[in-house]
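Worksheet: the structure to be examined is printed underneath.
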Amino acid sequence: MTKYNLAIDGASCASCVNKIETTLNKQAGVALAKMNFADRTVEVEANGHVDELIKVVTQLGYGAKLIASENQAEQLAQNQQQTIEDYRKKYIQAATALAFGAGLMLYEWFGGSMQITNSLQQIIWFVVAVTIALVMFISGKHFYLSAWQNLKHKQANMHTLVSLGTLTAWGYSFLVVVLPELFPQNAKFMYFEAAVVIIGLVNLGLALELKARSNASDAISQLIQLQSKTAWVERNGNTQAIALEQVQQGDCVLVKPGEKIPVDGEVQSGASYVDESMLTGEPIAVSKMAGDNLVAGSINQTGTLKFIAKRVGQDTLLAQIIATVKQAQNTKPQISRLVDKIASVFVPVVMLIAIVSGIVWWLIGPDPQLAYALVITTSVLIIACPCALGLATPMSIMVGVGHAAKLGVLYKNGDAIERAGKITTLVLDKTGTITQGKPQVSQVHFMKSDIDVDDLQRIASVEALSEHPLAQAMVNYLTGEYAIKPIDVSEFSATVGKGVVGICQGKQVLIGNISWLQNNGVATDSLLLPDKIQQQANTLVYVAINKQLHSAFCIEDKIRDDSLTSIQSLQQRGIEIVMLTGDNRAVANKVASSLGIDKVYAELSPVDKRDIIAQIKQQQPQSIIAMVGDGINDAPALATADIGFAMGQGTDIAMQSADIVLMRGSLSTVIGAIDVSQATYTNIKQNLFAAFAYNSAAIPIAAGVLYPSLGFILNPMIAGLAMALSSVTVVLNANRLRVKS
11 MTKYNLAIDG
21 ASCASCVNKI
31 ETTLNKQAGV
41 ALAKMNFADR
51 TVEVEANGHV
61 DELIKVVTQL
71 GYGAKLIASE
81 NQAEQLAQNQ
91 QQTIEDYRKK
101 YIQAATALAF
111 GAGLMLYEWF
121 GGSMQITNSL
131 QQIIWFVVAV
141 TIALVMFISG
151 KHFYLSAWQN
161 LKHKQANMHT
171 LVSLGTLTAW
181 GYSFLVVVLP
191 ELFPQNAKFM
201 YFEAAVVIIG
211 LVNLGLALEL
221 KARSNASDAI
231 SQLIQLQSKT
241 AWVERNGNTQ
251 AIALEQVQQG
261 DCVLVKPGEK
271 IPVDGEVQSG
281 ASYVDESMLT
291 GEPIAVSKMA
301 GDNLVAGSIN
311 QTGTLKFIAK
321 RVGQDTLLAQ
331 IIATVKQAQN
341 TKPQISRLVD
351 KIASVFVPVV
361 MLIAIVSGIV
371 WWLIGPDPQL
381 AYALVITTSV
391 LIIACPCALG
401 LATPMSIMVG
411 VGHAAKLGVL
421 YKNGDAIERA
431 GKITTLVLDK
441 TGTITQGKPQ
451 VSQVHFMKSD
461 IDVDDLQRIA
471 SVEALSEHPL
481 AQAMVNYLTG
491 EYAIKPIDVS
501 EFSATVGKGV
511 VGICQGKQVL
521 IGNISWLQNN
531 GVATDSLLLP
541 DKIQQQANTL
551 VYVAINKQLH
561 SAFCIEDKIR
571 DDSLTSIQSL
581 QQRGIEIVML
591 TGDNRAVANK
601 VASSLGIDKV
611 YAELSPVDKR
621 DIIAQIKQQQ
631 PQSIIAMVGD
641 GINDAPALAT
651 ADIGFAMGQG
661 TDIAMQSADI
671 VLMRGSLSTV
681 IGAIDVSQAT
691 YTNIKQNLFA
701 AFAYNSAAIP
711 IAAGVLYPSL
721 GFILNPMIAG
731 LAMALSSVTV
741 VLNANRLRVK
751 S
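In my numbering, the protein residues as written are 11 to 751.
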C-alpha cells in the first residue's frame with residue numbers, strides 16, 4: 011500500500027467531500043480515502059498508480075494534483091502563494107459584482123423604477139440584463155462551471171445552490187424584460203441586483219474564509235519552515251553546501267552558530283547549546299557535546315558542531331512530527347460521521363424544499379404570486395449552507411492539532427482528540443513517566459569483599475547491549491567508577507521486564523530481578539543486604555556470575571519536579587490515578603505515598619501491565635482509561651488502553667503503540683493534551699451547533715414561515731450575506747482555539 015496526498019481544487023462544501031471520498035473508496039485497489047475539507051486535501055491509501063486516482067477526481071469535475079512529500083517547504087510556499095492569489099481573485103470578483111449590484115440598488119433607492127412601462131425602458135433594461143449576465147459570469151464563473159460539472163455527474167453541491175438561485179433571479183428578470191406580456195402588471199419586477207449582489211457576497215465570504223483558513227494552518231507551516239534547505243557536508247576532504255535532499259546517512263555534517271540542524275545525528279566533535287523549543291516545547295537551550303543526539307529543525311546557538319547524520323529525509327524526527335500532525339488533521343472523529351450522512355443528502359433536500367416552497371407560494375401566496383414564488387425559491391437556495399457543516403469539524407481539528415503541536419503534544423488520530431478530553435482513569439508507569447527516567451547507581455553491595463575488575467567488565471559488557479535505563483545506569487557507573495570499557499559478548503539475550511544474560515570471557519553473566527535469577531538456578535538463600543540498602547527502598551538489580559550471586563546494585567530514579575503538582579491537578583479534575591511498575595513493592599509504595607497515589611501495582615511484567623489495563627476496562631466499561639508510558643515494557647499496555655500517551659524520550663515501539671506522543675517528556679503535558687482535547691471537542695460542538703442551528707432556522711425563514719404572523723419575507727441578497735457569514739463564523743470560531751488553548 012502506498013499513501014498519496016492530493017491537493018483538491020473546486021471542492022466547495024460537505025457534499026463535495028462526501029462525493030470525492032465515496033468515489034475514491036469505490037475504486038479497485040483503494041484501501042481508504044479521507045478528505046480534509048479545511049485544507050482541501052485528500053489522503054489515499056492505494057495499490058494503484060496515482061495518475062489513476064487523479065483521473066477519477068478530475069472526472070468528477072474537480073482539480074487534483076499530487077503533493078510531493080519530499081519537498082514540503084517548496085510545496086508550502088506554493089500553497090501559500092496559491093492562497094494569496096485565490097484570495098485576491100475572490101476579492102476582485104466580489105468587488106466587481108458588488109459594485110454593479112450597488113449601482114442598481116442606488117438607482118432604485120433614488121427613485122428609479124424597476125418595472126418596464128415603455129419600449130425605451132425595455133431596451134435599456136435589456137442592455138442591463140446582458141451586462142449583469144457578463145458580470146455574473148466573470149465574477150461567478152467558478153460557481154457555474156462547478157455546478158455544470160456536477161450536473162453532468164448527476165451530483166449537487168453548494169455551487170449548485172448558488173447557481174440555481176442566481177440564475178433563477180436573473181432568468182425571471184430577463185423574461186420580464188423580453189416578454190413582459192407573460193406577466194401580470196404587479197409581477198413585472200426585476201431582480202438583477204439580487205443576482206449579482208449574491209455572487210459578490212458569496213465571493214466575499216469565500217475570500218474571508220481563505221484568509222481565516224490560512225491562519226489555521228500556521229502551526230504546520232511553522233513546523234515545515236523549521237526544515238533547513240541546505241547542509242554543510244564533508245565529502246572528499248572538502249566541506250560543501252548541498253541540498254537537504256542530498257544528505258545521506260553517515261555523512262559528516264557541519265553546523266555553525268545560528269544555523270538550523272539539517273538532519274538527525276550524533277555529535278562527533280564540538281560543543282554548543284541548541285534550542286529545541288519548537289520541537290519539544292522546552293524553552294531552555296540544551297547543552298550538546300560529543301556523543302549527544304541532535305534533531306533536525308533545532309537551532310544551534312553558540313558553538314560549531316560536527317556530527318554524523320543518523321536519520322535523513324522522511325526519517326528525521328521533524329519529518330515524522332510533520333507527518334503525524336498532518337495525519338491527525340486529516341482524520342475524522344466519530345462526531346463527524348453524523349455530518350457525513352447529512353451532507354450526502356443535504357443539497358438535494360434543500361433543492362426539494364426550495365421547489366416545494368416556490369410552488370406553495372405560487373398557488374396560495376399573496377399577489378404577485380409569481381414574484382413571491384421567485385423570491386422564496388431563490389432565498390431558500392441561497393441561504394442553505396452545506397459549507398458551514400463541512401468546515402465545522404475539520405477546521406477545529408486543524409487548529410487544535412496544530413496548536414497542540416506547538417505545546418509538544420502530537421495527536422495521531424481524531425478519535426484521540428475526542429477521547430482524551432473524557433479520561434476518567436489515568437494509569438501511569440513509574441520509570442520515565444513519574445520519575446525522570448535517568449536512573450543512577452547510588453550504592454553497590456558485593457557478596458565478597460574482594461572485587462574482581464574483570465568481573466565488573468563482564469557486567470558492564472553484558473549491560474551495554476541492553477536498552478533498559480537501569481542497564482545504562484549500571485554501565486555509566488562501572489565505566490566511570492572503575493575506568494573499564496565494554497568488550498565482546500556472545501549468546502546475549504534479554505527477557506523483557508526480568509533481566510539479561512550473556513557469555514563474556516568464558517563466564518555466564520545473569521543480571522535482573524531476584525526472582526528471575528532464582529528461576530535461572532541462582533541460589534539466593536544466603537542473600538542478606540545491609541539495613542541501609544533495604545531502608546532506601548530504591549530499585550535493586552542483582553548480578554550472578556556462573557550461577558553464583560555476585561552483587562546487588564542499588565539504583566535510584568528521582569521523581570520529576572512537576573509530577574506531584576501534575577498528579578494533584580489531575581486528581582482535582584476527578585481523574586483517578588493508578589501507578590504501575592516493574593519495580594519492587596517497597597520502591598513503588600514509597601513513590602506512590604510521596605505523590606498521593608492510592609492504587610499501586612508493583613513487580614509487573616509487560617504482560618501483567620497489559621492485563622491490569624484490561625481488568626480496569628472490564629471493571630469500568632463506561633470509563634475512558636488512559637495509559638502513560640515511555641518504554642518497551644509499556645507498549646502492550648499502551649495498545650490495550652483506550653488512549654495511550656507515549657513520552658517523547660521513549661522508545662520507537664512505545665511511540666507506535668500510543669495515540670498521543672508527548673514530546674516534552676513531562677506529566678504536565680498530559681494536562682495540556684487534555685485541555686486542548688476538551689477545548690477542541692467543545693469547539694467542534696459549537697461549530698456543529700452553529701451550522702445546524704443556522705440551517706434549521708434560516709431555511710424555514712427563507713421559505714416564508716414568518717410571513718403569516720409578521721409579514722416578513724427574506725430578501726435574497728440578505729440570504730446570500732447570511733450564507734457567506736455562516737462559513738466565516740465557523741472558521742473564526744475555530745481560530746479562537748489558538749488563543750483559548
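Positions of the beta carbon are idealized from the N, C-alpha and C atoms, including for glycine.
Buried or exposed for His59, please, with buried defined as at least 16 other CB atoms from any protein chain shown within 10 angstroms of its CB.
The residue you call residue 59 lines up with position 49 of the sequence shown. Burial call: exposed.
To the nearest angstrom, how far is the alpha carbon of Leu130 from that of Val137?
Translated into the one-based positions of the sequence shown, residue 130 becomes position 120. Translated into the one-based positions of the sequence shown, residue 137 becomes position 127. Their Cα atoms are separated by approximately 11 Å.
Would you check if the distance between the CB atom of Met168 and the CB atom of Cys23 is smaller than 8 Å?
Within the sequence shown, the letter at position 158 stands for residue 168. Within the sequence shown, the letter at position 13 stands for residue 23. Against a cut-off of 8 Å, the Cβ pair of Cys23 and Met168 comes out as a contact.
Residue burial classification, Asn248 (beta-carbon count within 10 angstroms, cutoff 16)
Within the sequence shown, residue 248 is the residue found at index 238, counting from 1. Classification for Asn248: exposed.
Sheet register partners of Gly512 (DSSP bridge)
As a first step, residue 512 must be located in the sequence shown, where it is residue number 502. Gly512 pairs with Val519.
Output the boundary residues of the alpha helix (DSSP H) element that contains His413.
Taking the first residue of the sequence shown as 1, we reach residue 413 at position 403. His413 -> alpha helix (DSSP H) spans 396 to 416.
Is the stretch 592 to 609 touching the stretch 410 to 427 in the sense that three or more CB pairs, one from each, lie closer than 8 Å?
no
Over the uninterrupted beta strand (DSSP E) stretch that includes Cys26, give me the two end residues.
Translated into positions along the sequence shown, residue 26 becomes position 16. Where Cys26 is concerned, there is no enclosing beta strand (DSSP E), although the alpha helix (DSSP H) it sits in stretches over 24 to 35.
Candidates Ser149, Met405, Ala333, Thr127: closest to Val187 by CA position:
Numbered from 1 along the sequence shown, position 177 holds the residue referred to as residue 187. Of Ser149, Met405, Ala333, Thr127, the residue nearest in Cα terms is Thr127.
Measuring only the C-alpha atoms, how far is Leu16 from Ala241?
By one-based count along the sequence shown, residue 16 stands at place 6. By one-based count along the sequence shown, residue 241 stands at place 231. Whole-angstrom Cα-Cα distance: 29 Å.
Is it buried or exposed for Gly660, if we count other Cβ within 10 angstroms and need 16 for buried?
Here residue 660 is taken as the residue at index 650 of the sequence shown, counted from 1. With a pLDDT of only 49 at Gly660, under 50, the local geometry of the prediction cannot be trusted, and no value is derived from it.
Once you ignore the five residues that flank Thr591 on each side, which residues in its own chain have a CB closer than 6 Å to its CB?
Counting from 1 along the sequence shown, the entry for residue 591 is found at position 581. If we look at Thr591 and ignore the five residues flanking it on each side, its Cβ neighbours are Lys440, Ala598, Ala612.
Would you call the CB atoms of Ala788 and Val263 closer than 8 Å?
Coverage of the chain is limited to positions 11 through 751, which leaves residue 788 absent and any answer about it impossible.
Nearest-angstrom beta carbon gap, Val243 and Ile271 [assumed within contact, 8 Å]
What you label residue 271 is simply residue 261 of the sequence shown in a count that begins at 1. What you label residue 243 is simply residue 233 of the sequence shown in a count that begins at 1. That pair is no contact at about 13 Å.
Count the other CB atoms, across all protein chains shown, that sit within 10 Å of the CB of Gly682; report buried if there are 16 or more and exposed otherwise.
In the sequence shown, the residue the question calls residue 682 occupies position 672. Classification of Gly682: buried, given that the 10 Å Cβ count is 16 or more.
Pull up the CB-CB distance for Ala217 and Ala104, whole angstroms please, since I reckon it's below 8 Å.
Locating residue 217 in the sequence shown gives position 207, counting from the first residue. Locating residue 104 in the sequence shown gives position 94, counting from the first residue. About 6 Å; that satisfies the 8 Å criterion.
Skipping 5 residues on each side, what residues in its chain have a beta carbon closer than 7 Å to that of Lys29?
Translated into positions along the sequence shown, residue 29 becomes position 19. Counting only Cβ-Cβ distances below 7 Å, and skipping sequence neighbours, we find Leu70, Gln165.
So, do the stretch 669 to 677 and the stretch 714 to 725 have three or more beta carbon pairs nearer to each other than 8 Å?
no
For Lys422, the first and last residue of its enclosing alpha helix (DSSP H)
Looking up residue 422 in the sequence shown gives position 412. Per DSSP, Lys422 belongs to no alpha helix (DSSP H) and is neither H nor E.
Expressed to the nearest angstrom, what Euclidean distance is found between the alpha-carbon atoms of Val472 and Gln237?
Numbered from 1 along the sequence shown, position 462 holds the residue referred to as residue 472. Numbered from 1 along the sequence shown, position 227 holds the residue referred to as residue 237. If you take the alpha carbons of Val472 and Gln237, they lie about 39 Å apart.
Judging by CA-CA distance, which residue of Ile494, Ser500, Leu527, Arg429 is the nearest neighbour of Lys508?
Against the sequence shown, residue 508 aligns to sequence position 498. Of Ile494, Ser500, Leu527, Arg429, the residue nearest in Cα terms is Leu527.
Spatial neighbours of Gly431 within its chain, please: C-beta separation below 7 Å, excluding the five flanking residues on both sides.
Taking the sequence shown and counting its residues from 1, one reaches residue 431 at position 421. Cβ within range, chain order: Ile684, Ser687, Gln688, Tyr691.
Nearest candidate by alpha-carbon position, reference Gln278, set Ile711, Leu537, Asp261
Sequence index remark: in the sequence shown, residue 278 carries index 268 (1-based). Closest by alpha carbon: Asp261.
Closest to Gln515 by C-alpha separation, out of Glu501, Thr505, Ser452, Thr435, would be which residue?
Working through the sequence shown from its first residue, we reach residue 515 at position 505. It is Glu501 whose Cα lies nearest to the Cα of Gln515.
Rounding to the nearest angstrom, what Cα-Cα distance links Glu219 and Ser183 in this structure?
Here residue 219 is taken as the residue at index 209 of the sequence shown, counted from 1. Here residue 183 is taken as the residue at index 173 of the sequence shown, counted from 1. Roughly 31 Å between the two C-alpha positions.
Give me whichever residues DSSP pairs with Val263 in a beta bridge.
Residue mapping note: residue 263 aligns to position 253 of the sequence shown, counting from 1. Paired residue(s): Val243, Phe317.
Boundaries (first-last residue) of the alpha helix (DSSP H) holding Val715:
Position 705 of the sequence shown holds residue 715. Element bounds for Val715: n/a, residue is neither H nor E.
Stretch-stretch touch, CB-based, cutoff 8 Å, three pairs: the stretch 452 to 471 with the stretch 482 to 500
yes
Within its chain, find whatever has a CB closer than 8 Å to the CB of Asp464; leave out the 5 residues flanking it on each side and keep chain order.
The residue labelled residue 464 in the question sits at position 454 within the sequence shown. Answer for Asp464: Gln515, listed in chain order.
State the DSSP-derived secondary structure class of His152, mapped to helix, strand or coil.
To locate residue 152, count along the sequence shown from 1; it is residue 142. Reduced to three states, the DSSP call for His152 is helix.
What's the C-alpha gap between Ser615 and Leu417?
Indexing the sequence shown from 1 puts residue 615 at position 605. Indexing the sequence shown from 1 puts residue 417 at position 407. Rounded to whole angstroms, Ser615 to Leu417 spans 32 Å at the Cα level.
Residues of its chain near Asn725, where Cβ-Cβ distance is below 8 Å and the 5 sequence neighbours each way are ignored
Locating residue 725 in the sequence shown gives position 715, where the first residue counts as 1. The residues are Ala204, Val385, Ser389.
Cβ contact check for the stretch 733 to 741 and the stretch 693 to 704: 3 or more pairs under 8 Å:
yes
Beta-bridge pairing of Met115 - partner residues as DSSP gives them:
Residue 115 sits at position 105 when you count from the first residue of the sequence shown. The partner list for Met115 (beta bridge, DSSP) is empty, contrary to what the question assumes.
Among Gln125, Lys198, Phe202, Ser576, which one has its Cα closest to the Cα of Ile142?
Translated into positions along the sequence shown, residue 142 becomes position 132. Looking at the Cα atoms, Phe202 is the closest of the given residues.
Evaluate Val54 with the Cβ neighbour count: other Cβ atoms within 10 Å of its Cβ, from every protein chain shown; 16 or more gives buried, anything less gives exposed.
Within the sequence shown, numbered from 1, the residue matching residue 54 stands at position 44. That one is buried.
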